[in-house]
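Numbering (this note's numbering), first residue to last: 142 to 554.
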Amino acid sequence: MKKRLFYKSLIYFLTILLITSSILPGLANKAEAATPEAFLNPLLEDWLPQPGQPPGFSSGFSAFSNQTGGNGTGAPSFFGSNDFAALPETPPIESEPVDLPKGSLSLVKDDFILPSYGFPITIQRLYKTEQKDRLSPFGYGWAFPYDHTIQMFADFNIAEFKPDGSQVNYTYHKDDDTLLVDEFDGDPAIYYPLDRGHYTTDDNEKSALTRVSKEEYRITQPNGTVYTFKGYKAPWRENGDPAAGKLVAVQDTKGNRVSLSYDAEGRLIEIKSPDGRSVHFGYSGQLITSMTDPIGRVTRYDYLNNELRTVTHPNGTTESFTYDGAHKLLSISESQSGTKQFAYTGDRVSSVSHEGELSSQYVYEEGKVTASDALGFKTTYVYNADFNITSKTDAQGNVFHYSYDGQKRLTNV
């Protein structure tokens, strides 16, 4: 009897194993096929070159990251200058969170990653000294990757405001200059039927803006990724929808769609992945105070004077921040790795220290910056008017030269 029961159990186990092994590879292949080939771009425009953003040096900050953790060109992106990652003998300027040659602090922190088909959701924060006076849902200086809007201006032109503080301008062209209406979109200030025209832009990525309806505008990237916005922000309208012009969805060429929902005050309260799981946000005023993942784990954010001061992760680890009176980040203390301090000359980082020990220094001159490590070894970078690095001289005296095309893209080393 026991032997018969054993054989029955063994057959049952092998049957389940066979079924499982045949299903799982199919799921893996589906996930792989649904993921865009290039998703995020490394010090930030690792974080994807965004619509209208020239390819650039990156530090990895995006609302969406691919399942392998790489960077590409399909999703929202932040900051960038010159993407040296794929080239030999490139300037080693990612050892510290300092964006050379500008000297701004570019610090990326990951809070949560939700794997999913197409667009896994990554909740991240980017601190950038160039954005220290910009107040986002994470406080002064910290970019929030979903803070992405479009707004209408004179002559029905539209500007796209990206999370990194940059913008892309879209020019409206009427199909018939003789057409006039008393109002359009329920607004007497709009005297032309906006569905009788189109938009163009001069941005390097050649993204396309399309009006679908009053409630829906889309920006399509060359790789097919589509950003959908809730109409457009019209600041002259009284009692307008607080969510007007905000990002409501991102979809890839496979149909995988990330959806964003807002409350009555226009605050982002939910991000839903293509597989239906959600991340939720809590607020105090316009500042995010909590982020809850699909299984209920909570990350908490505390502020003082609209500056992010403490982040507490679900596992109990913490990050603490201090600032000067101009919102420049002076230190970050992490429970697992200690304290890193930053000193400045003006708004440019002059030194970085770890636990009080100097780890790097930066000296800025006209068209040149010299970086020194903890041992005193120096590397000098020469840059042009576009802040593209044109040469690097390392501590051994080796010189490397860099050239660019008309769109400021690195072409040769």
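All C-beta atoms in this analysis are idealised placements derived from N, C-alpha and C, irrespective of residue type, glycine included.
Residues of its chain near G365, where Cβ-Cβ distance is below 6 Å and the 5 sequence neighbours each way are ignored
The beta carbon of G365 sits closer than 6 Å to the beta carbons of T394 from its chain, once the five residues preceding and following it are set aside; these are given in chain order.
Give the straight-line distance between the Cα atoms of Q392 and L241, rounded to the nearest whole angstrom.
The straight-line gap from Cα to Cα measures roughly 33 Å.
Can you look up K371 in the DSSP assignment and give me helix, strand or coil?
In the structure shown, K371 falls within a strand segment according to DSSP collapsed to helix, strand and coil.
Relative to the C-alpha of P238, which residue among L471, F279, N310 is closest?
For the set L471, F279, N310, the Cα lying nearest the Cα of P238 is the one of L471.
Considering Cα atoms alone, identify which of V490, E271, F528, I473 is closest to P304.
Proximity to P304 across V490, E271, F528, I473 peaks at E271, based on C-alpha coordinates.
Please confirm whether N397 and F260 have their CB atoms less than 8 Å apart.
N397 is a Cβ neighbour of F260, given a cutoff of 8 Å.
Apart from the five residues on each side of it in sequence, which residues of its chain come closer than 6 Å, Cβ to Cβ, to G423?
T430, S431, listed in sequence order.
In three-state DSSP terms, what is E173?
Confidence is the limiting factor: at E173 the pLDDT is only 30, short of 50, which leaves the residue's position unreliable, though a coordinate-based value still follows. Residue state, collapsed to three classes: helix.
Looking at Y340 and I291, is the spacing between their C-beta atoms short of 8 Å?
Not a contact, by the Cβ cut-off of 8 Å.
Where T511 sits in the DSSP three-state scheme
DSSP places T511 in strand when its eight states are reduced to three.
Please go through the region 262-298 and give each complete beta strand (DSSP E) segment of 3 or more residues, from N-terminal end onward.
Taken in chain order, the complete beta strand (DSSP E) segments of 3 or more residues contained in the region 262-298 are 262-269, 290-293.
Three Cβ pairs or more, each shorter than 8 Å: is that satisfied between the region 347-354 and the region 242-259?
Output reads no: the region 242-259 does not touch the region 347-354.
Excluding the five sequence neighbours on either side, which residues of its own chain have a C-beta within less than 6 Å of the C-beta of T433, listed in chain order?
Same-chain partners within the cutoff: H421, V439.
Just list the beta strand (DSSP E) runs in the region 292-349, keeping only unbroken ones of 3 residues or longer that don't cross its boundaries, in chain order.
The region 292-349 contains these whole beta strand (DSSP E) runs: 299-302, 308-315, 338-341.
Please name the residue, chosen from E496, S419, A484, T531, that lies closest to P478 on a Cα-to-Cα basis.
The question names Pro, yet the displayed sequence has Ser at residue 478. Of E496, S419, A484, T531, the smallest CA-CA separation from S478 is found for E496.
Using CA atoms only, rank isn't needed, just tell me which of Q482, T458, E498 is closest to Y464.
The shortest Cα separation from Y464 among Q482, T458, E498 belongs to Q482.
Could you pull out every residue in the same chain whose Cβ sits closer than 6 Å to the Cβ of K387, ignoring the five residues on either side in sequence?
Residues T290, K371 of the same chain have their beta carbon placed closer than 6 Å to that of K387, with the five preceding and five following residues left out of the count.
6 Å Cβ shell around D488 - same chain, five flanking residues per side excluded:
Once the five neighbours on either side are set aside, the close Cβ partners of D488 are T270.
Please state whether DSSP places E498 in a helix, a strand or coil.
Strand.
Would you mind listing the beta strand (DSSP E) stretches within the region 404-455 that are 3+ residues and don't spill past its ends, in chain order?
Taking only runs of at least 3 residues, the beta strand (DSSP E) segments lying wholly in the region 404-455 are 409-413, 419-425, 428-433, 439-445, 448-453.
Continuous beta strand (DSSP E) stretch holding L248: start and end
It spans 245-255 - the beta strand (DSSP E) in which L248 sits, taken as one unbroken run.
With 16 other Cβ atoms within 10 Å as the buried cut-off, status of H468:
Around the CB of H468, 16 or more other CB atoms lie within 10 Å, so the residue is classed as buried.
Alpha carbon to alpha carbon, what distance is there between I262 and K413?
Distance between the alpha carbons of K413 and I262: 9 Å.
Three-state secondary structure (DSSP) at Y543?
Assigned with DSSP and collapsed to three states, Y543 falls in coil, not helix or strand.
Applying the criterion that 16 or more other CB atoms from any shown protein chain within 10 Å of the CB defines a buried residue, is D296 buried or exposed?
So D296 counts as exposed.
For a test of the three-state rule: what should DSSP assign to R352, helix, strand or coil?
The answer is strand: DSSP assigns R352 an E or B state.
Determine the contact status of T342 and V309, defining contact as a CB-CB distance below 8 Å.
In contact: T342 and V309 (Cβ atoms closer than 8 Å).
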